[in-house]
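Step one of this worksheet: look at the structure below.
In the UniProt record's numbering, the protein residues as written are 1 to 359.
Laid out in structure tokens, this is it:
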């Protein structure tokens, strides 16, 4: 098959990581794979050298133009025809819109892939794309059964497609630091719930002076200063460490004892799955049932109701105090993570693509 991925930027997000993983695996399967993206933005992830990369914008004028949507559609359409593409896979709402518009009248099939919760408010324009334009795609991939149920009949052409595991699962017992790790872009701290995590940590940190809360993720100085102020407000500024963006997050996870996911909105929680695969004992807010599709029982991790700061602090304290519990959660979490192996998930993509091509 000839497959094109359409992704606005290859920055340090989960959706971009999925594209890098799937494209590599599809190359291994013998497919021709191309990527259309803004090449002026530095890539956060490496791609297989055999993935052919096309520029979303051919020059700076197109990128800065008030009709840049027109140029994105025009350029993408040219690449579809040049490649005689079989399948065009859009990534996130804007690129899904471009993919659908660029494919009008052409023979290629379109897959619109979503990577966030449909309950998360993203504005009227995104809602219009999802509720109206997505019906024109051949398939819309969503991350969870919870989103499938939430959407009902709004998007009839939807299928559940979880994210694949990014890293090989750890098997050996590792020496870990006394820390709680959280990962996410600091500029969306409210979505990621870092304020809630810092508040929860503030309730118990004084009891465990040798433990730290480490937050990995890029952000503006304004965002960092705000979170630092929150840490000062609850007197834990000496026990909160901002690691910045890390391209070796798997190494950071293997060194960490506990991983916390405290998002107010989370489509799937790929980072939660990654942490489980690296042997972290995991605790997570449940966003509409989505994280219960990853942590399915009490042996695999601890689930806390969303926004329950007191419950989160109690759960963290329970994990800090009990080495045996952390060990149990670590082992079961690794086993659960294996079910999201890249080979398994990529084969599901292969099945969908073959099905829509055959009609």
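Virtual Cβ for every residue (Gly too), placed ideally from N, Cα, C.
For residue 51, does the three-state DSSP call read helix, strand or coil? coil
Close beta carbons around residue 393, own chain, < 6 angstroms, minus the five adjacent residues each side: This structure cannot settle anything about residue 393, because the visible part of the chain is limited to 1 through 359.
Give me, in chain order, the residues of the same chain whose beta-carbon lies closer than 6 angstroms to that of residue 283; leave out the 5 immediate sequence neighbours on both sides. 260, 302 and 315
Only counting the same chain, and skipping five residues up and downstream in sequence, which positions put a Cβ closer than 7 angstroms to that of residue 309? 196, 199 and 200
Less than 8 angstroms between the beta carbons of residue 14 and residue 247, yes or no? no
Best match in 250, 100, 225 and 254 for proximity to residue 240 [C-alpha to C-alpha]: 225
Three CB pairs or more closer than 8 angstroms across the stretch 112–121 and the stretch 138–153: yes
Rounded to the nearest angstrom, how far is the Cβ of residue 79 from that of residue 4, given a contact under 8 angstroms? 6 angstroms
In this structure, does DSSP put residue 90 in helix, strand or coil? strand
Quick test of the definition: if touching needs 3 or more C-beta pairs under 8 angstroms, does the stretch 179–192 touch the stretch 250–266? yes
Here's a check: name, in chain order, each residue in its chain whose Cβ is nearer than 7 angstroms to the Cβ of residue 317, leaving out the five neighbours to either side. 204
Since residue 348 contacts residue 161 with CB under 8 angstroms, what's their CB separation in whole angstroms? 6 angstroms
Which residues in the same chain have their Cβ closer than 7 angstroms to the Cβ of residue 167, if we skip the five residues on either side of it in sequence? 250, 274, 277 and 278
Could you check what DSSP says for residue 107 in three-state terms: helix, strand or coil? coil
If you compare alpha carbons, which of 125, 320 and 337 is closest to residue 368? Nothing can be reported for residue 368: it is not among the residues displayed for the chain, which extend from 1 to 359.
Reduced DSSP category for residue 44 - H, G, I as helix; E, B as strand; rest coil: coil
Closest residue to residue 90 among 64, 174, 62 and 56 (Cα-Cα distance): 56
Rounded to whole angstroms, what's the CA-CA distance from residue 234 to residue 338? Just pull it up for me. 38 angstroms
Integer Cβ distance of residue 281 from residue 213, believed to fall under 8 angstroms: About 15 angstroms; that fails the 8 angstroms criterion.
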